[in-house]
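Chemist:
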Amino acid sequence: MKRIGIMTCGGDCAGLNVAIRAVVQSATLKYNWEVIGIKNGTMGLLGDTPNTVPLDLNFQGFNHAMLRMGGTILGSTTKGNPMAYSMNDGSHIDRSEEIFKNYRKLNLDALIAIGGDGGLKITNDLAKKGGINFIGIPKTIDNDVPNTESIGFATAVSVATAALDNLQPTAASHDRVMILEVMGRDAGHIALHSGIAGGADVILIPEVPFNFDSIVQKVKEVQKSDRSYALLVVSEAAFPKNGKARTVKYHSGDERYGGIGDYIGQELNRMMGIDTRVTVLGHVQRGGSPVSRDRIIASAFGVKAVELIAQEKFGRMVGWDSQDKVIDVDITETLKGYQTVNMDGSLITTARGLGISFGNE
Ligand code: F6P
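When the letters of the sequence shown are read in order and numbered with the numbering used here, they come out as residues 30 to 390.
(1) Assign residue 132 to one of two classes, buried (16 or more other C-beta atoms within 10 Å of its C-beta) or exposed (fewer than that).
(2) Could you give the uninterrupted runs of the beta strand (DSSP E) lying entirely in the segment 201 to 239, keeping only those of 3 residues or more?
(3) Ligand 1 heavy atoms versus the CB of residue 133: any closer than 6 Å?
(4) Give me the DSSP bridge partner(s) of residue 115.
(5) Given that a residue counts as buried once 16 or more other Cβ atoms are within 10 Å of its Cβ, and exposed if not, what is residue 367?
(6) Put residue 264 into one of helix, strand or coil per three-state DSSP.
(7) First and last residue of the alpha helix (DSSP H) that includes residue 253?
(8) In or out: residue 54 buried (at least 16 other Cβ within 10 Å) or exposed?
(9) Can you find the residues in the same chain that come closer than 8 Å, C-beta to C-beta, to residue 395, ignoring five residues on each side of it along the sequence?
(10) With DSSP as the reference, please indicate the residues paired to residue 167 in a beta bridge.
(11) Give me the Cα-Cα distance between residue 314 and residue 170, rounded to the nearest whole angstrom.
(12) Ignore the nearest five residues each way along the sequence and tell me which others in residue 259's own chain have a CB closer than 6 Å to its CB.
(13) If we count Cβ pairs, one from each stretch, closer than 8 Å, do we get three or more for the segment 324 to 339 versus the segment 226 to 241?
(14) As a quick exercise: from 344, 87 and 381, pick the residue whose alpha carbon is nearest that of residue 363.
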């Protein structure tokens, strides 16, 4: 009989609840273990009393609703590294002992964190420091965790593709250049995948600094063909050669990528005198119901995470390899890297073969 803890860390995405469900189903049905949900990521293990919820097969209509539910029933946090916890006066303190104490208080045999590269790094470092038996499950719409496809990516691509599908008829009706700004941080996976699936003429990604002349040339080429509208998809962190990525600074001091779509729209309007319109998809890519591929990957990850605990194989991250197979890899080694678009990969060749411009020709 084991007692395992599970938490979600970092930004949410579609499919988190599917992974939680898979862990609970596998742990209870196959092993008869207890599963404790930890609320709001590592925040749930700070303080005198851990913030937890027991998870079992009857939890909130577990069986099917969780397959479809976006967000995370456990809550998450994008703020806070307990080893360098920010205080109001701007200083940082190490609160990791509170985490270790609560892990012991809860009598946990292992901890599963579902997180992106940032959240998994923090929880893995904490686990190593405190001797916690740790397993990581990768999630992020950015798909930038190495050696795997992450939970949430397929849904984000599907949302961005649907947006391009909706933009095409209105672009055609008004002879406009429609610009779709998508998320993805420093990796262009969402833009590349949705751009191919949604028929973009131009895909701009952070891996390929662009120049405006090249985009103008592509739009003119399209205009010379049988249509006078174009679709452009741009990653939030894409930037021009000799320029830098656009960001938005919040009152709190937080900075996020944003504004590149508008910038490109204004420049093309100025340079070509054409009508441009910009759609910023934002968090629409993270919410919503997971597509079937995310449900499948998340289910496989949850079951594999439980298996690894049963085998006492800790310090591992589960993953999905290119052969559609669930695997596990050393988490510390894996998180040293960062998965950007493979410029020699077949999707780049495919896009170029379709005549799509990356704005650098
Ligand atoms: O990492 C996921 C992600 O959605 C990025 O694509 C985006 O840049 C960022 O998080 C947005 O963060 P927040 O939810 O804090 O606005």
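Yeah, the Cβ is synthetic: ideal placement off N, Cα and C, and Gly gets one too. Just so we're clear, the structure is a prediction, and the values are computed from it rather than from any experiment.
Modeler: The relevant details are as follows:
(1) buried
(2) 206 to 211 and 231 to 233
(3) no
(4) 121
(5) exposed
(6) strand
(7) 241 to 253
(8) buried
(9) Any answer about residue 395 is impossible in this case: the structure gives the chain only from 30 up to 390.
(10) 144
(11) 8 Å
(12) 206, 230, 248 and 251
(13) no
(14) 344
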